[in-house]
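Here the UniProt record's numbering is used: position 264 in the sequence shown is 264, and no number is missing along the way. All remarks here apply to the structure that follows.
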Amino acid sequence: MEVWKKALEYEDYMIRQRRFFHRIPEPAWEEVKTTVAIQRELEKMGLHPVRFDGISGVCAEIRGTGEAKQDRTLLLRADIDGVEMQEETGLPFASENPGYMHATGRDCHIAMLLGAARILSDMKKDWGGRVRILFQAAEESAQGAPEYIKRGILEGVNAVYAAHMYGRLPAPQIDISYGYRMAGADKFDIEIQGVSSHGSLPHLGKDAIAAAAQVIQAIQNYVARENNPLEPLVVSIGTIKGGHQRNTLADLVKMEGTVRIHDPAARKRTEENLRRVITAAAGILGCTANMHYQYMLPPLTNDQKLASIALKAAEKLFGEACITHLPAVMASEDFAFYSENIPGIYINIGCAAPGKENGNHNYSSHFQVEEKVLKNGAALCAQFVMDYLSKEETEDGKISEVLS
């Protein structure tokens with residue numbers, strides 16, 4: 001198959017690129033060297049990179065010269081920022097930026113998309129339509145994608161694709177699934193106001209710390225007893241601060257937390273119910289509670305038709321044995337901002353060495369990848385592009401049976 005031959009041809013190129021970018025992880029919105037290096041590679045391909053006002057990251061377009069069934073545009077996205085973490089892999093090409101590393105495989109995402117761009121450029125006579133490739137900054141900030149949407153990255157785009165390294169999945173397994181894949185993530189701040197008094201006179205005060213304990217218990221009771229157990233919901237309190245000294249009742253407690261949920265329709269309902277139980281719980285001890293609630297990342301949902309195309313592309317390249325279907329997770333990804341606007345597909349590429357998947361967590365200072373999967377990721381991306389753009393309309397097929 002021509003796509004696979006091209007992927008093999010560019011395997012060494014992708015490994016070199018991955019190792020180069022692995023050395024230079026940069027914080028969200030500060031990916032200056034990374035952006036310049038990507039731009040240089042795109043220019044070498046004869047493409048015309050476009051930068052964005054006020055932010056890092058770069059994009060380019062490739063136009064197929066073959067027959068197009070319909071004039072459609074597909075967006076391919078790779079995130080490029082590093083993670084704030086000191087690398088401990090011992091690799092000869094380990095991070096040269098103290099305190100930062102590519103601990104989730106974004107160096108690989110860059111390399112795979114560059115490889116796919118080369119394959120698609122070489123084979124442009126074999127497909128029609130347009131491919132827009134985006135090297136996106138600041139995924140780690142959870143607000144990277146919205147900045148590109150504001151700047152028009154989705155204008156004229158019909159669908160969006162991304163692939164992500166998955167450290168707990170052995171190479172060369174690939175997860176292609178549809179429906180809810182990752183949770184939406186919101187955050188909240190709670191302030192509980194009480195009345196201070198001496199510890200020997202508790203009846204003269206309103207104990208904000210005791211009220212905070214009631215609030216925390218009420219939140220967990222809501223999750224366990226009021227939320228539908230078939231609708232995943234996780235509410236976590238991450239920080240709690242209050243009190244001035246050991247022998248007085250606290251008059252103020254501040255808490256910070258997160259909400260993770262799969263069903264977009266349940267987000268508003270969850271916010272309203274949390275306000276209700278928090279207010280009631282604090283009131284038991286005569287305190288007041290206020291909550292500031294902020295919607296952050298939407299849930300990530302894979303389009304069924306796109307999943308069917310990706311599944312068939314993977315079978316064509318690798319056979320059924322390499323395909324798996326992971327359960328949805330409660331982690332979040334800002335790719336969801338794209339896929340809530342247009343149909344999207346988000347694929348997980350298994351990258352763990354055989355037998356080492358249990359200890360190879362994303363966001364680990366020891367995170368490593370099997371570099372042989374880079375060609376797989378690039379080939380799947382290119383094949384998906386050609387298969388998607390060659391169809392007059394995407395087909396459901398029997399995906400509900402295949403992916404159950």
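Don't be surprised by glycine CBs; every beta carbon is placed ideally from N, CA and C. Note that the structure is a prediction, hence the values are computed from the model and not measured.
Anticipated Cβ contact below 8 angstroms, residue i with residue j, distance rounded
| i | j | result |
| --- | --- | --- |
| leucine 380 | isoleucine 174 | 7 angstroms |
| aspartate 212 | methionine 255 | Inspection of the sequence shows that residue 212 is occupied by alanine rather than by aspartate. Indeed they touch by this definition, with Cβ atoms about 6 angstroms apart. |
| glutamine 69 | serine 390 | Here the sequence assigns lysine to residue 69, which means glutamine is not the residue at that position. Sure, about 6 angstroms apart at Cβ, within 8 angstroms. |
| tyrosine 346 | valine 83 | In fact, because the Cβ distance is near 19 angstroms, the residues do not count as touching under 8 angstroms. |
| isoleucine 237 | isoleucine 209 | The pair is not a contact, with the Cβ atoms about 13 angstroms apart (cut-off 8 angstroms). |
| glutamate 139 | aspartate 71 | Actually they do not touch by this definition, with Cβ atoms about 30 angstroms apart. |
| arginine 118 | aspartate 53 | About 28 angstroms; that fails the 8 angstroms criterion. |
Cβ shell of residue i (< 6 angstroms), same chain only, five flanking positions each side left out
| i | result |
| --- | --- |
| histidine 262 | Tyr180, Ala183, Pro232 and Pro299 |
| serine 141 | Ala28 |
| serine 404 | No answer about serine 404 holds up, because its pLDDT of 35 lies below 50 and its placement is not dependable. |
| isoleucine 219 | Val235 |
| isoleucine 284 | Gln214 |
| residue 406 | Past the boundaries of the shown model lies residue 406; the chain is included only from 1 to 404, so the question cannot be answered. |
| proline 25 | Gly82, Ser95, Asn97, Tyr100, Met101 and His102 |
| methionine 386 | Trp127 |
| glutamate 11 | Lys375 |
| asparagine 290 | Glu191 |
| phenylalanine 20 | none |
| alanine 328 | Tyr180 and Arg181 |
Coil, strand or helix - residue i by DSSP
| i | result |
| --- | --- |
| phenylalanine 188 | strand |
| arginine 72 | coil |
| leucine 252 | strand |
| lysine 78 | Checking the sequence, you will find alanine at residue 78 rather than lysine. Alanine 78 falls in the strand class under three-state DSSP. |
| arginine 151 | coil |
| glutamate 140 | helix |
| leucine 317 | helix |
| isoleucine 284 | coil |
| alanine 94 | coil |
| proline 146 | helix |
| methionine 101 | strand |
| isoleucine 55 | strand |
| lysine 356 | coil |
| lysine 206 | strand |
| threonine 258 | strand |
| asparagine 348 | strand |
| glutamate 271 | helix |
| lysine 5 | helix |
| serine 177 | coil |
| isoleucine 24 | coil |
| tyrosine 13 | helix |
| alanine 162 | strand |
Close beta carbons around residue i, own chain, < 7 angstroms, minus the five adjacent residues each side
| i | result |
| --- | --- |
| residue 434 | Any property of residue 434 remains undetermined from this structure, which presents the chain solely from 1 to 404. |
| lysine 398 | In this predicted model, lysine 398 has a pLDDT of only 40, less than 50, meaning its place in the structure is not dependable; the value taken from the coordinates is given anyway. Nothing meets the Cβ criterion. |
| arginine 16 | none |
| histidine 292 | Phe188 and Asp189 |
| isoleucine 240 | Ala212, Val253 and Met255 |
Spatially closest choice to residue i from the options, by CA coordinates
| i | options | result |
| --- | --- | --- |
| asparagine 97 | Ser332, Asp53 and Glu31 | Glu31 |
| asparagine 302 | Ala282, Asp387, Glu333 and Glu320 | Glu333 |
| tyrosine 166 | Met386, Phe367, Ala378 and Val385 | Phe367 |
| aspartate 126 | Ala78, Gly243, Asn290 and Ile62 | Ile62 |
| leucine 201 | Asn247, Ala78, Leu47 and Ala310 | Asn247 |
| aspartate 242 | Ile190, Pro264 and Ala266 | It is glycine, not aspartate, that sits at residue 242 in the sequence shown. Nearest C-alpha to glycine 242: Ile190. |
| methionine 14 | Glu67, Gly90 and Leu113 | Leu113 |
| phenylalanine 135 | Arg40, Leu326 and Asn227 | Arg40 |
| asparagine 360 | Cys322, Leu230 and Arg168 | Arg168 |
| isoleucine 323 | Leu311, Val329 and Ala116 | Leu311 |
| glycine 144 | Glu155, His325, Pro264 and Gly57 | Gly57 |
| glutamine 304 | Gly344, Leu274, Val369 and Asn221 | Gly344 |
| alanine 162 | Lys150, Ser177, Gly152 and Arg151 | Ser177 |
| threonine 270 | Asp251, Glu67, Asn228 and Thr288 | Asn228 |
| tyrosine 222 | His244, Gln245, Arg275 and Asn358 | Arg275 |
| isoleucine 349 | Ala331, Glu371, Asn358 and Gly355 | Glu371 |
| glutamate 67 | Lys124, Thr35 and His22 | Lys124 |
Check whether residue i and residue j have beta carbons under 8 angstroms apart
| i | j | result |
| --- | --- | --- |
| aspartate 207 | glycine 194 | yes |
| threonine 73 | glycine 129 | yes |
| tyrosine 295 | valine 160 | no |
| arginine 51 | cysteine 108 | no |
| methionine 45 | serine 121 | yes |
| proline 172 | valine 373 | yes |
| serine 365 | glutamate 87 | yes |
| methionine 60 | histidine 48 | The sequence given here places alanine at residue 60; methionine does not occur at that position. Cβ atoms of alanine 60 and histidine 48: closer than 8 angstroms. |
| alanine 281 | alanine 7 | no |
| valine 131 | leucine 76 | yes |
| phenylalanine 188 | valine 259 | yes |
| glycine 105 | cysteine 351 | yes |
| asparagine 341 | leucine 154 | yes |
| isoleucine 55 | alanine 111 | no |
| isoleucine 192 | valine 277 | no |
| asparagine 273 | glutamate 226 | yes |
| proline 146 | glutamate 357 | no |
heavy atom of the ligand ZN below 7 angstroms from residue i C-beta
| i | result |
| --- | --- |
| tyrosine 346 | This structure simply doesn't include the ligand ZN, nor any ligand for that matter. |
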